Amino acid sequence: MVTCFGLTRRSLLAGAAGAGLASGKAVAAVADPRLVVLDWGLLETVLALGIAPIAAAETGNYARAAATLPVPPSVTDIGLRLDPDLEWIHVLRPGAILINAAQSAQISVLKPLAPIWTFSIYDGSGEPLRNAETVTRDLGARIGRRAEAAALVASTMHNLRPLPGYDSRPLLLFSFLDATHIALYDRSSLAGNVLDRLGLDNAWTQASGGWGVVPLSLPALAQSPEARLICFGPVPLSAQSMMAQSPLWRDLPAIRAGRIRLLPPVWNYGALPTAARIADLIRTALARADGQDVIG
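Counted the way mature numbering (1 follows the signal peptide of the UniProt record, and there is no 0) counts, the sequence shown spans residues -28 to -1, 1 to 268.
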């Protein structure tokens, strides 16, 4: 899910330390916010609240890796999330710059350019969905979109209502890092939180320390022989080749039984729009019969 393909354990954890309002203090709403957004979870939240920021980081990569909400062409790509173009930000004269808590090292260089709003969804608590709801309400209050924030929370929670009629088989959520390594998503991940709300069991019960993503070798999939596999794309070419040729892959109980579902890429460190998208994808995938999703 994020797509975390090609990332090391260190970079997975660094990325997870992401986006509650840092101070917790009441702030007057900005009537016409000119926002620069350096975090994708905050970007999709702002867009879902009906605000187009003047600039955001890595909009092209966001479209490829997350694709939760379209970024309007009026939004300037301000460069890298961890190394934005400071001169360009200065020219744009934003009313505020939005970052997640893991980007706090940038505050000293960003603070002279505009007020910094720091939020935290991925704080190691294992409750990113709850945190995303809090961030949505806080951000809505700051930009004069309280009603829109309440509506977004309500629609998301409705979308996460329990899934009726499922056969109760536990699900193992993962994505490929390469041909021999996967990222497993436990209950503390955003997808894991969504699974709980849908009333579905996560087959991976080992804790990841609150960050939700566990990089493991491929044989870890065999530790839950009864599970139905949920694979988030994209599947690297090396992994596709492995699945076409590897006896180890084809001998997995879930693969022998056709118990795998292939889903599009999802940004695992997103906010409420991503949570709703994950729920939609899982609901649609589980409506398909075993054996219909074939890879390799």
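Cβ coordinates follow ideal geometry from the N, Cα and C atoms, glycine included.
Note that the structure is a prediction, hence the values are computed from the model and not measured.
Exposure label - residue i; buried when at least 16 CB within 10 Å
i, result
"ALA133", "Note on identity: in this sequence residue 133 is Arg, with Ala being the wrong assignment. The residue is exposed, with fewer than 16 neighbouring Cβ atoms inside 10 Å."
"ILE79", "exposed"
"VAL81", "exposed"
"ASP223", "exposed"
"THR177", "exposed"
"GLY13", "buried"
"GLY263", "exposed"
"VAL107", "buried"
"GLY242", "buried"
"ALA199", "buried"
"VAL63", "exposed"
"PRO84", "exposed"
"ARG228", "exposed"
"ARG260", "exposed"
"PRO104", "For the record, residue 104 in the displayed sequence is Ala; it is not Pro. Flag for ALA104 reads buried."
"ALA(-1)", "Reliability fails at ALA(-1), whose pLDDT of 45 lies under 50, so the model's placement of it is uncertain and the value that follows must be treated cautiously. That one is exposed."
"ALA35", "exposed"
Pairwise C-alpha distance: residue j and residue i
i, j, result
"residue 278", "GLY230", "No answer is possible for residue 278: it lies beyond the span of the chain, which begins at -28 and ends at 268."
"PRO191", "TYR157", "15 Å"
"GLY112", "PRO45", "23 Å"
"LEU220", "THR256", "28 Å"
"LEU7", "LEU70", "7 Å"
"ILE88", "ALA175", "40 Å"
"ASP139", "LEU258", "10 Å"
"LEU135", "ASP11", "31 Å"
"VAL186", "ALA122", "33 Å"
"GLU120", "ASP265", "37 Å"
"LEU(-8)", "ILE115", "With a pLDDT of only 37 at LEU(-8), under the threshold of 50, the placement of this residue in the model should not be trusted; the figure read from the coordinates follows. Each residue's Cα considered, the two are about 13 Å apart."
"ASP49", "ALA68", "16 Å"
"LEU213", "CYS203", "Note on residue identity: the sequence assigns Ser, not Leu, to residue 213. Rounded to whole angstroms, SER213 to CYS203 spans 16 Å at the Cα level."
"SER210", "ALA86", "44 Å"
"GLN75", "ASP95", "12 Å"
"SER196", "ALA37", "28 Å"
"PRO25", "GLU99", "27 Å"
"VAL207", "PHE148", "6 Å"
"ALA163", "ALA247", "7 Å"
"GLY137", "VAL238", "25 Å"
"SER180", "LEU19", "31 Å"
"PRO66", "LEU15", "15 Å"
"ILE232", "ARG141", "12 Å"
"SER218", "THR17", "41 Å"
"THR90", "VAL9", "10 Å"
"THR31", "SER127", "25 Å"
"VAL47", "SER160", "32 Å"
"ALA155", "LEU21", "31 Å"
Option in the options with minimal Cα separation from residue i
i, options, result
"ARG117", "PRO219, ALA251, THR177 and ILE23", "ILE23"
"ASP252", "TRP239, ASN131 and ARG260", "ASN131"
"ASN33", "VAL18, ARG53 and LEU21", "ARG53"
"HIS153", "LEU193, ILE26 and ALA68", "LEU193"
"LEU244", "PRO142, MET129 and SER180", "MET129"
"GLY184", "PRO66, PHE91, LEU172 and SER97", "SER97"
"residue 284", "PRO208, ARG200, ASP150 and ARG102", "Lying outside -28 to 268, the shown extent of the chain, residue 284 is not represented and no answer is given."
"LEU145", "PRO66, ASN240, GLU105 and ARG260", "ASN240"
"ALA27", "GLY51, ALA155, SER160 and SER161", "GLY51"
"LEU234", "ALA216, MET215 and LEU201", "LEU201"
"ALA151", "SER127, ARG141, PRO84 and MET215", "MET215"
"GLY171", "VAL9, ILE254 and THR31", "ILE254"
Nearest-angstrom Cβ-Cβ length linking residue i and residue j, presumed shorter than 8 Å
i, j, result
"PRO236", "GLY205", "5 Å"
"ALA29", "PRO5", "ALA29 to PRO5, Cβ: 17 Å. No contact."
"residue 270", "ILE250", "Shown here, the chain extends from -28 to 268; a query on residue 270 therefore has no answer."
"ALA77", "SER92", "So it is not a contact: roughly 14 Å between Cβ atoms."
"LEU143", "ASP173", "7 Å"
Pairing CB atoms from the region 58 to 73 with CB atoms from the region 31 to 45, are three or more of them under 8 Å?
Contact fails: fewer than three Cβ-Cβ distances are below 8 Å.
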